[in-house]
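Asks:
Number of protein chains: 2
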Amino acid sequence: MKERFYQYIQNLQDRITDAIETQEGKAKFKEDLWTRPEGGGGRTRILENGEVIEKGGVNISAVHGPLPKSMQAYFKVGDVDFFACGLSLVLHPKNPMAPTVHANWRYFEMYDKKGELIEQWFGGGQDLTPYYLFEDDVIHFHSICKRACDEHHPQFYTEFKKKCDSYFYNSHREEARGVGGLFFDYLKKDSQFSLDERYNFVTTVGDSFLEAYLPLLEKRKEMTFTPEQRTWQEIRRGRYVEFNLVHDKGTLFGLRTNGRIESILMSLPPKVQWYYNHQPKDGSKEAQMLEVLKNPRNWV
Amino acid sequence: MKERFYQYIQNLQDRITDAIETQEGKAKFKEDLWTRPEGGGGRTRILENGEVIEKGGVNISAVHGPLPKSMQAYFKVGDVDFFACGLSLVLHPKNPMAPTVHANWRYFEMYDKKGELIEQWFGGGQDLTPYYLFEDDVIHFHSICKRACDEHHPQFYTEFKKKCDSYFYNSHREEARGVGGLFFDYLKKDSQFSLDERYNFVTTVGDSFLEAYLPLLEKRKEMTFTPEQRTWQEIRRGRYVEFNLVHDKGTLFGLRTNGRIESILMSLPPKVQWYYNHQPKDGSKEAQMLEVLKNPRNWV
Chain A
1 MKERFYQYIQ NLQDRITDAI ETQEGKAKFK EDLWTRPEGG GGRTRILENG
51 EVIEKGGVNI SAVHGPLPKS MQAYFKVGDV DFFACGLSLV LHPKNPMAPT
101 VHANWRYFEM YDKKGELIEQ WFGGGQDLTP YYLFEDDVIH FHSICKRACD
151 EHHPQFYTEF KKKCDSYFYN SHREEARGVG GLFFDYLKKD SQFSLDERYN
201 FVTTVGDSFL EAYLPLLEKR KEMTFTPEQR TWQEIRRGRY VEFNLVHDKG
251 TLFGLRTNGR IESILMSLPP KVQWYYNHQP KDGSKEAQML EVLKNPRNWV
Chain B
1001 MKERFYQYIQ NLQDRITDAI ETQEGKAKFK EDLWTRPEGG GGRTRILENG
1051 EVIEKGGVNI SAVHGPLPKS MQAYFKVGDV DFFACGLSLV LHPKNPMAPT
1101 VHANWRYFEM YDKKGELIEQ WFGGGQDLTP YYLFEDDVIH FHSICKRACD
1151 EHHPQFYTEF KKKCDSYFYN SHREEARGVG GLFFDYLKKD SQFSLDERYN
1201 FVTTVGDSFL EAYLPLLEKR KEMTFTPEQR TWQEIRRGRY VEFNLVHDKG
1251 TLFGLRTNGR IESILMSLPP KVQWYYNHQP KDGSKEAQML EVLKNPRNWV
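Chain order of the listed sequences is A and B. Read the first sequence against the numbering used here and you will find it ends at 300, with the numbers running on by one and no gaps. Read the second sequence against the numbering used here and you will find it ends at 1300, with the numbers running on by one and no gaps.
(1) Name, in chain order, the residues that DSSP records as bridge partners for residue 94 of chain A.
(2) Leaving out the 5 sequence neighbours to the left and right, which residues in its chain are closer than 8 Å to residue 119 of chain A when beta-carbon positions are compared?
(3) Please tell me whether residue 1076 of chain B has its Cβ less than 8 Å away from any Cβ of chain A.
(4) Is it true that the region 1084-1092 of chain B meets the region 1047-1063 of chain B, where meeting means three or more beta-carbon pairs spaced less than 8 Å apart?
(5) In terms of DSSP beta bridges, what is residue 271 of chain A paired with?
(6) Rank A:136, A:290 and A:203 by C-alpha distance to the C-alpha of residue 280 of chain A and give the top, closest one.
(7) Quick one: which unbroken beta strand (DSSP E) runs of 3-plus residues sit fully inside the region 1104-1151 of chain B? Chain order, please.
(8) If the cut is a Cβ gap below 9 Å, which residues of chain A does residue 1324 of chain B touch?
(9) Could you check how far apart the C-beta atoms of residue 1199 of chain B and residue 1001 of chain B are, in whole angstroms? I think they sit under 8 Å.
(10) Any idea which residues DSSP pairs residue 1084 of chain B with across the strands?
(11) Span of the beta strand (DSSP E) holding residue 1030 of chain B?
(12) Less than 8 Å separating the beta-carbons of residue 296 of chain A and residue 216 of chain A?
(13) I want to verify the contact list: residues of chain B whose CB lies under 8 Å from the CB of residue 269 of chain A, in sequence order.
(14) Per DSSP, what are the beta-bridge partners of residue 1189 of chain B in this structure?
(15) So who's on the other strand from residue 1050 of chain B, going by DSSP bridges?
(16) Got a sec: which bits of the region 168-184 of chain A sit with their beta carbon under 7 Å from any beta carbon on chain B, in order along the chain?
(17) Between residue 35 of chain A and the rest of its own chain, which residues show a CB-CB distance below 7 Å, the 5 nearest in sequence each way excluded?
(18) Considering just the uninterrupted stretch of the alpha helix (DSSP H) at residue 955 of chain B, what are its terminal residues?
(19) Can you tell me whether DSSP reads residue 1170 of chain B as helix, strand or coil?
(20) Taking 6 Å as the limit between beta carbons, can you name the residues of its chain near residue 1008 of chain B, skipping five residues before and five after?
(21) Tell me whether the beta-carbon of residue 1241 of chain B lies closer than 8 Å to the beta-carbon of residue 1268 of chain B.
(22) For residue 300 of chain A, I'd like the list of residues in its chain whose CB is within less than 7 Å of its CB, leaving aside the five on either flank, ordered along the chain.
(23) Who are the near neighbours of residue 103 of chain A in its chain, counting only those whose CB is closer than 6 Å to its CB and skipping five residues on each side?
(24) So the alpha helix (DSSP H) residue 73 of chain A belongs to, where does it begin and stop?
(25) Report the rounded CA-to-CA distance for residue 1205 of chain B versus residue 30 of chain A, giving the unit in angstroms.
(26) Would residue 95 of chain A count as contacting chain B if we go by Cβ distances under 8 Å?
(27) Whose C-beta lies closer than 6 Å to the C-beta of residue 48 of chain A among residues of the same chain, with five residues either side of it excluded?
(28) Check the Cβ of residue 48 of chain A against every Cβ in chain B and list those closer than 7 Å, keeping chain order.
(29) Measuring alpha carbon to alpha carbon, tell me which residue in B:1196, B:1186 and B:1260 is nearest residue 1075 of chain B.
(30) Can you tell me whether residue 163 of chain A is helix, strand or coil according to DSSP?
(31) Work out the CA separation of residue 24 of chain A and residue 65 of chain A for me, nearest whole Å.
(32) When you compare only the Cα positions, how much space is there between residue 211 of chain A and residue 1084 of chain B?
(33) Closer than 8 Å, Cβ to Cβ, to anything on chain B: give me those residues from the region 238-255 of chain A, in chain order.
(34) Cβ of residue 1033 of chain B less than 8 Å from any chain A Cβ?
(35) Tell me where the alpha helix (DSSP H) around residue 19 of chain A begins and ends.
(36) Label residue 1078 of chain B either buried or exposed according to how many other C-beta atoms from any shown protein chain fall within 10 Å of its C-beta, with 16 as the threshold for buried.
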């Protein structure tokens, strides 16, 4: 399963970076190969200052070795070994009418010191962070998420949509990071689903990503916008930073377990602003967006 | 002591905001008075888009009530009441040649449920975050810090300078946030120092702030700079955000204990950039600055 899933995400990384480069026209991803001193490594692909994507990363990694102390505490296990691989992506478009998107698909194994497999599971998801609300876009994104889920279980969409809303939540602001999508974790084999079935589900979601996101990027990337709308985007990107640095478990783990900092922090937006006590005007498009973040909706 | 120290910081807030407004010429601080539902409140003063200060806050607060659960765990105490008051300030100048400065002076009391005082202590400090290294500036700042300390104990400067270097440290980047200054906490009365003596020390440091910082602001605020130097400043401000959101205990406490978000996050810089894997050119002024952050020096 390790090899199988890593091959899947290598291929998916190629498909996604190709598709984004097609949207761009000129700008290309730069690739960095890196190795982890304790075992494993990754392939980081970053695109900066594109016509469409202001900053984006589509990264894969496969790391292994003794489970770091801080993760032992988190997983409530002793001194075990682990293998983890995954694809993480964040795309920050330049145009404030186009939403930021994040996705991640990952696979984890844990072994005792004799090398016996103790646990194995999948996790991941994909979620959307718009700066202006286009309801059709959000409905499209969620519809593709739902279709991918429905192929596998009638409850998956409802369950993982809810998990996404509660995970990507800036509790200190009492608002969602975005309009959600899917989030799932610890998909272990159990009485109901074999590991193969879990693999099929996660890869169906991975396969759905471009269909969920690309049409939105295509529709919005050339819309006109004002400097004020751009400022709003940069202010909202500040909330994205707050979530990633204060609440996001993946980011904090990376920082605490000697991960590759530049690959982890590629998620941070390129240009960000923080004003004191910024409040959009009542009835404005900005206030409308905020209203949806304060009160997550069901989109499909 | 509660009233005495709160009067001190009210007065110090006035002195500092007056002095900054004098530097500015036109821009003024805006004041927000707020109350905390569980007890207490504060006086937040923010200046944005000044000629000299791009964003700055000089805030005081005095809060009390039952100690929040998350802080009970942190202090390893049970269900107690508390009183806390302090002044926190962060000034982000517009000119990249002028350093950002942070300072905080605070007093804390803890009581059992009968209202008996269990503990009382002072904490605080002041530290400098330049974007370009002017050695004379750093030496001046540290000299004033040292003079304030030396009035009270020959070891204070060495001890609190070291604490500052180790506290304001972005461990995930293996670099200091800035060039340090002073940091101290849990200054309780003990066999060596009475509470009055601790009060005298903390207020000597508070009184030294303007003398330590204002001359640097005055010298640097009108220097010419290039767009590239401004970009470097915005990239380095990103590291400031990373420290405050990932590592700073004060910020994280505030966010977790239902503090006033906008007063806490006033510390975040106004305009920030994150590039992937940004490295200054060897031998450049930017590399020279980074070198000092990687290897904290003794300045006096």
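C-beta: ideal position from N, C-alpha, C; glycine also.
Replies: Considering the structure as presented:
(1) In the DSSP output, where bridge partners are listed per residue, residue 94 of chain A has none listed.
(2) Excluding sequence neighbours, residue 119 of chain A sits near 108, 109, 110 and 188.
(3) no
(4) yes
(5) B:1273
(6) A:290
(7) Those beta strand (DSSP E) runs which fall completely within the region 1104-1151 of chain B and span 3+ residues are 1117-1129.
(8) Nothing can be reported for residue 1324 of chain B, as the shown portion of chain B is limited to 1001 through 1300.
(9) That pair is a contact at about 7 Å.
(10) B:1063 and B:1108
(11) 1030-1035
(12) no
(13) Within chain B, the residues near residue 269 of chain A are 1274.
(14) Answer by DSSP bridge pairing: none, since residue 1189 of chain B is not bridged.
(15) BP columns for residue 1050 of chain B are empty, so no partner.
(16) 172 and 173
(17) Closer than 7 Å at the Cβ level, and outside the excluded window around residue 35 of chain A, lie 41.
(18) Nothing can be reported for residue 955 of chain B: it is not among the residues displayed for chain B, which extend from 1001 to 1300.
(19) strand
(20) 1203
(21) yes
(22) Within the same chain, residue 300 of chain A has close Cβ partners 139, 142, 143 and 146.
(23) 89, 126 and 209
(24) 69-75
(25) Rounded to the nearest angstrom, the two C-alpha atoms are 49 Å apart.
(26) no
(27) 55
(28) 1275 and 1276
(29) Of the residues B:1196, B:1186 and B:1260, the one whose Cα lies closest to the Cα of residue 1075 of chain B is B:1186.
(30) helix
(31) 38 Å
(32) 53 Å
(33) 238, 241, 242, 245, 246, 252 and 255
(34) no
(35) 2-24
(36) exposed
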